[in-house]
Every structure is written in C-alpha cells, then in structure tokens.
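First the structure, in the form of structure tokens, and then the observations on it.
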Amino acid sequence: METMSPQQGAMGQSRPDSLTGDSKKKMKTLAQRRQSAPSLVISKALTRSRSTSRESCLSPVQPESCPLVQAFLAECPRRLFLGHAQTQLKTGLQTQDRHLFLFSDALLVAKAKSPTHFKVKAQVRVCEMWTAGCLDEVCEGTTSPERSFVMGWPTCNCVATFSSEEHKEKWLALIKSRIIAGKGKDEPKTIPLKIFAKDIGNCAYAKTLAVSNGDSTADVIRVALLQFGISGCVKDHRLWVSSSKDEPPYPLIGHEFPFSIKMSHIRDGGSSGWRRTRRRRRRRRRGGSVEGPRLPHWTARRSCCWTSASLQTPSASSSSSPAKWPRDRRRF
C-alpha cells in the first residue's frame, strides 16, 4: 500500500477547499439572479396589469355586453343600443370624465367604476335633449371647438368634448338624429305655456302661448314679444323659469326647448322627486287629496334686468353666465 507524502496530502486537501470557494461564489451569483428575476417579472406584470386595467376601465372592449347596457335593454324590448363614447363634460369650471351610452330612446351618462361596472349619473329621454354651439355661454376656460359641442336636457347645459373632430361630428349627428326621431314620436306636439312679463314696459301681465316641441327659447321669446305688443330684438330679452317654489328662477340661454322642460316636469311628477312621491303615498293612505305637480313658472324679462346678483343664492351658481343652472340640478 502506497503512502502519500506530506506534500501530496497537503495538495489533496487544498484542492477541495479551492473548489468549495468557487462553488460558493457561483451559488451566490445564481441566488442573486434567482432573486432579481422574479422581482423584475413581478414588477413588469404589475405595471402591465395596472396600465391594462386603466385602459380597459376607460375603454370597455364590448360596451354592449356590460351589465348596465344589458339591464337597460331588458327594461324595454324595443329599445336599441346605438353606441358608447368616452367624453369630458364641462359646466362652468367643473370638468368630469364620463361615459355616454346612447340608446334609441334615451341617453345614459355614467361614471366608470371598473372595466364592466358603471354608475349612472344621469338618465335622459332623447326627445327632451338639445344641442348647440355656444360653448362660451356654458363653460369657462379653454375648450376645443373642433372637438366639442353643447348638449343639454332639463335642467342641464354642458359642453361635451370628444377625442377627435371626427368622433365629435359622429356623435353630434347621432344625437341630433335621435332628438328628431324622439320628437316625431312625442305626444302631444303642442302645449300651452303661460308667460308672465316683468320689467317690460306697460305690457299685459301674462300671455298664454301655444308652444311646439320644436320651438327653441328664442322662438318663444319672439312670439311672446309679439303677443305683448313689444318691439325689440329677441337677444335683448331673456326667458326665465322656476321649477319649484323652493328654487330661484334661472335664465335660459336661447337654444333650449321650453316644451321639453315643461313635459319633463310633468312626466317626472314635479321637481321634488322621491320626497313628493312619499308625501302623496301618505295622503293616499289617509284618504286625503293628492295635488298634482306644480308646473314651471315662466317669466320674460329684458336682458338688462338680469344681473349676477340675482343668482347669489345657496342653491344657485355664483357666476354671472345665464347658463349656470342650480347646483343640485347639474349632477352628471
């Protein structure tokens, strides 16, 4: 049996030590790589999912399949879904990101909560809507006229801004066509509108006019001036409306449809909403009479009689623009 020399024994012992040191370095490097790789993958995945969820929230892949659309279609078998759009709605200095869901008979204005969940902020009959181009009358600040138009309903005026000029033109034409179609089916076509004169010379106190569903506020003022026997320009006068006893009157700009405002008030049973309904139910249970909704009060005034101070009330906007509706009526 051969015996190793002290030098060979030393060499044999030193070699495993050197291999052990190299292997430790390699294992440490591999461990660092294994630790860094998952963290990098996770970071990228989180970033990707966050951006993807944000994009999907703002732009649903199939809006017609979301629960909101399906539930609204189920309410009326004849109802058709026509389109969805992302937009910014602006009134005064307030700007909000909203989703528009247009149906054959209604428009839903909604706020996105998730890619498939939306909270309805306004539900509007298309027959009661209107459009216009008076951006400066409705909002303040910079607004792109190429990508924006005014749309409104009782009782709201707002500027809708779209992603492109083509998108804006498409939706403007689409909403206009639905308004025309809705007014064609609207019944009745004409209603009486009692207008009171205030601060307009020595004219008669009130006149009742026959107003059609296609007459704008400017058209109503023009006929009212003739009935009151007053010579003057339409732009020098304003038509004011008060929806309830508790709300101050507010002036209309000129493009709105007074017919739609009055009919909306009648269809919705007055401006007091669920509180009025609860009072009626209590009266029915007690055997008392149920009063009908108080119709809007209309007043014609000269434009010089309108001042910003007349809107300085807790429920009205503090701006001097006649487009500033009461705050509690402009939630969209």
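In terms of full-length UniProt numbering, the sequence shown opens at residue 1 and continues consecutively.
All residues carry an ideal CB built from backbone N, CA and C; glycine is no exception.
(1) If I'm right that residue 345 touches V109 with Cβ under 8 Å, what's the distance once you round it to whole angstroms?
(2) Going by the beta-carbon positions, is the gap between S243 and T155 smaller than 8 Å?
(3) Which runs of the beta strand (DSSP E), 3 residues or longer, sit entirely within the stretch 226 to 250?
(4) On the three-state DSSP scale, how would you describe D268?
(5) In the DSSP assignment, what are the bridge partners of N157?
(6) For S264, count neighbouring C-beta atoms within 10 Å of its own C-beta (all shown protein chains included) and say buried if the count is 16 or more, exposed if not.
(7) For L209, count neighbouring Cβ atoms within 10 angstroms of its own Cβ and tell me buried if that reaches 16, exposed if not.
(8) Following the continuous alpha helix (DSSP H) through V138, name the residue where it begins and the one where it ends.
(9) Looking at the unbroken alpha helix (DSSP H) that takes in F72, where does it start and where does it end?
(10) Can you tell me which of the three DSSP states C217 falls into?
(11) Straight-line CA distance for S114 to I175?
(12) Decide if the stretch 161 to 176 is in contact with the stretch 61 to 76; the criterion is three or more beta carbon pairs, one per stretch, under 8 Å apart.
(13) Put S177 into one of helix, strand or coil per three-state DSSP.
(14) Taking the CB atoms as reference points, tell me whether G232 and L225 lie closer together than 8 Å.
(15) Using C-beta distances below 7 Å, list every residue in its chain close to L106, excluding the 5 sequence neighbours before and after it, in chain order.
(16) Below 8 Å between beta carbons: does that hold for I221 and L239?
(17) Suppose you measure from the CA of F257 to the CA of A300; what does that come to, to the nearest Å?
(18) From Q94, L93, G92, L80, pick the residue whose C-alpha is nearest to that of F101; which is it?
(19) Are there 16 or more other CB atoms within 10 angstroms of the CB of A132, so buried, or fewer, so exposed?
(20) As a quick exercise: from H297, T142, V150, K235, pick the residue whose alpha carbon is nearest that of D246.
(21) Pull up the distance between the alpha-carbon of V234 and that of V223, whole angstroms please.
(22) Should G184 go down as buried or exposed, given a rule of 16 or more other Cβ atoms within 10 Å for buried?
(23) Give the range of the beta strand (DSSP E) segment to which I200 is assigned.
(24) If you run the structure through DSSP and keep just helix, strand and coil, what is K185?
With the given structure in hand:
(1) Coverage of the chain is limited to positions 1 through 332, which leaves residue 345 absent and any answer about it impossible.
(2) yes
(3) 237 to 242
(4) coil
(5) G152
(6) buried
(7) buried
(8) 135 to 138
(9) 67 to 75
(10) Per the sequence presented here, residue 217 reads as Thr, with Cys not at that position. Helix.
(11) Cα-Cα distance, rounded: 26 Å.
(12) no
(13) helix
(14) yes
(15) Correcting the residue type first, residue 106 is Ala in the shown sequence and not Leu. So the list reads Q123, V124, R125, V126, once near-sequence residues are dropped.
(16) yes
(17) 15 Å
(18) The residue from Q94, L93, G92, L80 with its alpha-carbon nearest to that of F101 is L80.
(19) buried
(20) H297
(21) 10 Å
(22) exposed
(23) Per DSSP, I200 belongs to no beta strand (DSSP E) and is neither H nor E.
(24) helix
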